[in-house]
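Visitor: Here you go, one structure.
In our numbering, the protein residues as written are 4 to 195.
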């Protein structure tokens with residue numbers, strides 16, 4: 004069993020799991036499961052087996068489902084779910100992957116490299132603040148961008164970077180002043 008995969012902890016918390024296995028992980032004594040074909044996902048293999056090699060081998064059998072993703076690549080996942088069809092297992096993994104992609108987007112676009120708390124409230128609070136700041140900056144960018152001369156145009160990411168270090172070009176600052184006059188006290192902007 005791979006050291007990076009802490010099976011003891013996973014099994015101790017008695018939480019169901021669907022996790023991706025590395026291609027080089029050994030599957031010992033595989034037994035094929037008989038399942039009816041159904042669903043959109045192409046299932047390559049549905050077995051139970053021990054995972055790993057001698058020193059790091061699991062002590063109980065796990066279900067392993069192999070399926071093709073949209074790109075034709077084989078994805079291999081291990082789970083403790085026995086009653087679900089292999090197609091449902093594949094869909095669970097795909098849904099889990101969408102959550103991973105969402106958090107990656109949050110870390111990259113909302114400038115949240117790490118979460119400061121582990122409680123549900125702390126995570127929601129930090130994400131809410133980051134998303135609010137992102138939406139406000141996007142609104143400012145969209146309101147000002149069309150009025151900036153072509154030779155001073157910035158992408159949204161350039162705009163965000165310059166906004167952080169207070170180095171927006173004068174043309175942008177002028178447009179912010181005009182926007183402030185147009186919106187009145189509704190939008191108290193401090194232009195660097």
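All C-beta atoms in this analysis are idealised placements derived from N, C-alpha and C, irrespective of residue type, glycine included.
Quick check on residue 49: does DSSP put it in helix, strand or coil?
Guide: Three-state DSSP puts residue 49 in a strand.
Visitor: Note down, in chain order, each residue of its chain lying with its Cβ closer than 6 Å to the Cβ of residue 80, except the 5 sequence neighbours on either side.
Guide: Same-chain partners within the cutoff: 21, 23, 68, 96.
Visitor: Can you check DSSP and say which residues form a bridge with residue 81?
Guide: The partner list for residue 81 (beta bridge, DSSP) reads 22, 67.
Visitor: Is it the case that the Cβ atoms of residue 146 and residue 181 are separated by a distance below 7 Å?
Guide: The answer is no: Cβ separation not under 7 Å.
Visitor: Excluding five sequence neighbours on each side, which residues of the same chain lie with their C-beta closer than 6 Å to the C-beta of residue 48?
Guide: Correct list, in chain order: 69.
Visitor: Kindly list the residues whose CB is nearer than 7 Å to the CB of residue 19, restricted to its own chain and excluding five residues on each side of it in sequence; keep chain order.
Guide: So the qualifying residues of the chain are 83, 84.
Visitor: Leaving out the 5 sequence neighbours to the left and right, which residues in its chain are closer than 8 Å to residue 150 when beta-carbon positions are compared?
Guide: Once the five neighbours on either side are set aside, the close Cβ partners of residue 150 are 178, 181.
Visitor: Would you report the Cα separation of residue 129 and residue 36, rounded to the nearest angstrom?
Guide: Taking the straight line from one Cα to the other gives about 44 Å.
Visitor: Check for me: the alpha helix (DSSP H) holding residue 27 runs from which residue to which?
Guide: Neither: residue 27 is in no alpha helix (DSSP H) and is coded neither H nor E.
Visitor: Please list, in chain order, all residues of the same chain as residue 115 whose beta carbon is under 6 Å from its beta carbon, the five residues on each side excluded.
Guide: Counting only Cβ-Cβ distances below 6 Å, and skipping sequence neighbours, we find 109, 133.
Visitor: Is the closest heavy atom of the ligand ADP to the C-beta of residue 145 under 6 Å?
Guide: As for the ligand ADP, it is missing from this structure, which has no ligand bound.
Visitor: Under the DSSP definition of a beta bridge, which residues are partnered with residue 97?
Guide: Bridge partners of residue 97: none, in fact.
Visitor: Rank 32, 57, 153, 140 by C-alpha distance to the C-alpha of residue 167 and give the top, closest one.
Guide: For the residues 32, 57, 153, 140, the minimum Cα distance to residue 167 belongs to 140.
Visitor: Compare the Cα-Cα distances from residue 142 to each of 155, 123, 163, 27 and report the closest residue.
Guide: Nearest of 155, 123, 163, 27 to residue 142, Cα basis: 163.
Visitor: What is the DSSP secondary structure of residue 86, counted as helix, strand or coil?
Guide: Three-state result, residue 86: coil.
Visitor: Answer with buried or exposed for residue 89, where buried requires no fewer than 16 other C-beta atoms within 10 angstroms of its C-beta.
Guide: The residue in question, residue 89, is buried, as its Cβ has 16 or more Cβ neighbours within 10 Å.
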